[in-house]
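Right, one structure below, let's go through it.
There are 2 protein chains.
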Amino acid sequence: MMISTKGRYALRILLDIASAVPTTEYISLGDVALRQEISMKYLEAIVATLSRGGLVESKRGKAGGYRLARPAETITVADVICSAEGGISPVACPECDGQSCSRAGNCLTVDLWRQLDTMIERYLTAVTLQDLLDSRDLSVLFQNI
Amino acid sequence: MMISTKGRYALRILLDIASAVPTTEYISLGDVALRQEISMKYLEAIVATLSRGGLVESKRGKAGGYRLARPAETITVADVICSAEGGISPVACPECDGQSCSRAGNCLTVDLWRQLDTMIERYLTAVTLQDLLDSRDLSVLFQNI
DNA sequence: CACTTATCCTATTATGTCAATAGGAATTTA
DNA sequence: TAAATTCCTATTGACATAATAGGATAAGTG
Numbered sequence: 002m003m004i005s006t007k008g009r010y011a012l013r014i015l016l017d018i019a020s021a022v023p024t025t026e027y028i029s030l031g032d033v034a035l036r037q038e039i040s041m042k043y044l045e046a047i048v049a050t051l052s053r054g055g056l057v058e059s060k061r062g063k064a065g066g067y068r069l070a071r072p073a074e075t076i077t078v079a080d081v082i083c084s085a086e087g088g089i090s091p092v093a094c095p096e097c098d099g100q101s102c103s104r105a106g107n108c109l110t111v112d113l114w115r116q117l118d119t120m121i122e123r124y125l126t127a128v129t130l131q132d133l134l135d136s137r138d139l140s141v142l143f144q145n146i
Numbered sequence: 002m003m004i005s006t007k008g009r010y011a012l013r014i015l016l017d018i019a020s021a022v023p024t025t026e027y028i029s030l031g032d033v034a035l036r037q038e039i040s041m042k043y044l045e046a047i048v049a050t051l052s053r054g055g056l057v058e059s060k061r062g063k064a065g066g067y068r069l070a071r072p073a074e075t076i077t078v079a080d081v082i083c084s085a086e087g088g089i090s091p092v093a094c095p096e097c098d099g100q101s102c103s104r105a106g107n108c109l110t111v112d113l114w115r116q117l118d119t120m121i122e123r124y125l126t127a128v129t130l131q132d133l134l135d136s137r138d139l140s141v142l143f144q145n146i
């Protein structure tokens, strides 16, 4: 789980779309496919989930396409990954939720994974699409978390 | 990739072994299996990689088993995950290494994933088996990174 | 020397998710 | 009507993970 091709592609796709000069313009997946060298069909599948997640708006038919549903400053990388992959947590931790946690030995690790989750989520929430578009130095954000 | 069952189990196994009262004692996988409720055979597979990674020492035959190869203070969670899963990076990033990075659009994301890797690795390197055994408050370590 | 308890070694299977593709239906514009 | 595009449902292939199986080797014990 965590960050697979789907998530990485989703981010690239959104950055591509967000680069449109009037941000109100609709970008077709055909154009994105050419620029990003990802197959149309796969793009469709990924964008569908982004659309369901409310990150992009679509317009069908000729001269249709996709555009961001919100300003790039308000869309975080966490939003993108969550939407594309249905979650961020790097640890699918069955021990955490429920009964099996009764064993004392396990619970030594629960806090570790929780803390890790928190950390990753904070970081990815701190970075927006606009930050990436501006090629901002992320190590600054990294310090401030 | 990232942290799968194998990695989580590996950590639990090592903590179990590390809990032995004289730390020089050899703990059999049979005992670990009972306490951790993991099948012997699966344990064997996981411990084999930990052994190859130099984290545990074994003793064969009757009254044999496993013990830590180094003090628990010197074994980090990063060591364990690396050994069990062959790496930590949550992003298998083919864009990062090599030719396809020529496209400018992609490179907006490379720094993000690098930074994330660094962050996770630092955190998991900051936590040792002993920290977990002591049930130390990890949020303190978390702040100091 | 047997016997028992272990680790070790090499396969194999089953499951599931990911990555990618395929074909066509619905919609909008010109 | 025609072209371009999003939408919808299904399917496939490949691969990694999770787990199991059977036996070989080693070491202690009576």
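Taken in sequence, the protein lines are chains Y and C.
Per the working numbering, residue 2 is the first one in the first sequence, and the count goes up by one each step.
Per the working numbering, residue 2 is the first one in the second sequence, and the count goes up by one each step.
Yeah, the Cβ is synthetic: ideal placement off N, Cα and C, and Gly gets one too.
Every unbroken alpha helix (DSSP H) inside the region 4 to 48 of chain Y [4 residues or more]:
Entirely contained in the region 4 to 48 of chain Y, the alpha helix (DSSP H) runs reaching 4 residues are, in chain order, 6 to 19 and 30 to 37.
State the Cα-Cα distance for the pair Ser-103 of chain C and Ile-39 of chain Y, rounded to the nearest angstrom.
Because Ser-103 of chain C carries a pLDDT of 49, less than 50, the predicted location of this residue cannot be relied on, and no value is offered for it.
Distance cutoff 8 angstroms, beta carbons only. Does Ile-39 of chain C sit that close to anything in chain Y?
Interface criterion not met: the Cβ of Ile-39 of chain C is under 8 angstroms from no Cβ in chain Y.
Note down, in chain order, every chain Y residue with its Cβ under 9 angstroms from the Cβ of Gln-131 of chain C.
Close partners of Gln-131 of chain C in chain Y (Cβ separation under 9 angstroms) are lacking, with about 11 angstroms as the shortest Cβ gap.
Just to make sure I have the definition right: I need the residues of chain C whose C-beta is within less than 7 angstroms of the C-beta of Asp-112 of chain Y. Which are they?
Residues of chain C whose Cβ lies closer than 7 angstroms to the Cβ of Asp-112 of chain Y are, in chain order, Leu-139.
In the DSSP assignment, what are the bridge partners of Val-57 of chain Y?
Val-57 of chain Y is bridged by DSSP to Y:Leu-69.
Just checking my contact of Leu-69 of chain Y with Ile-14 of chain Y at CB under 8 angstroms: how many whole Å lie between their CB atoms?
About 11 angstroms separates the two Cβ atoms, so there is no contact after all.
Taking the straight line between their C-alpha atoms, what separation do you get for Leu-142 of chain C and Thr-24 of chain C?
Each residue's Cα considered, the two are about 25 angstroms apart.
When you compare the CB positions of Tyr-67 of chain C and Tyr-10 of chain C, do they come within less than 8 angstroms of one another, or not?
The answer is no: Cβ separation not under 8 angstroms.
If you pair each beta-carbon of the region 76 to 92 of chain Y with each one of the region 122 to 129 of chain Y, do three or more pairs fall below 8 angstroms?
The region 76 to 92 of chain Y vs the region 122 to 129 of chain Y: in contact.
Measuring straight from C-alpha to C-alpha, what distance separates Gly-88 of chain Y and Asp-112 of chain Y?
Their backbone Cα atoms lie some 19 angstroms apart in a straight line.
Against chain Y, which members of the region 8 to 32 of chain C pass a CB distance test of less than 9 angstroms?
From the region 8 to 32 of chain C, only Gly-8, Arg-9, Leu-12, Arg-13, Leu-16, Asp-17 and Ser-20 have a Cβ closer than 9 angstroms to chain Y.
Proximity test, Cβ basis, 8 angstroms: Leu-109 of chain C and chain Y:
At least one CB atom of chain Y sits nearer than 8 angstroms to the CB of Leu-109 of chain C.
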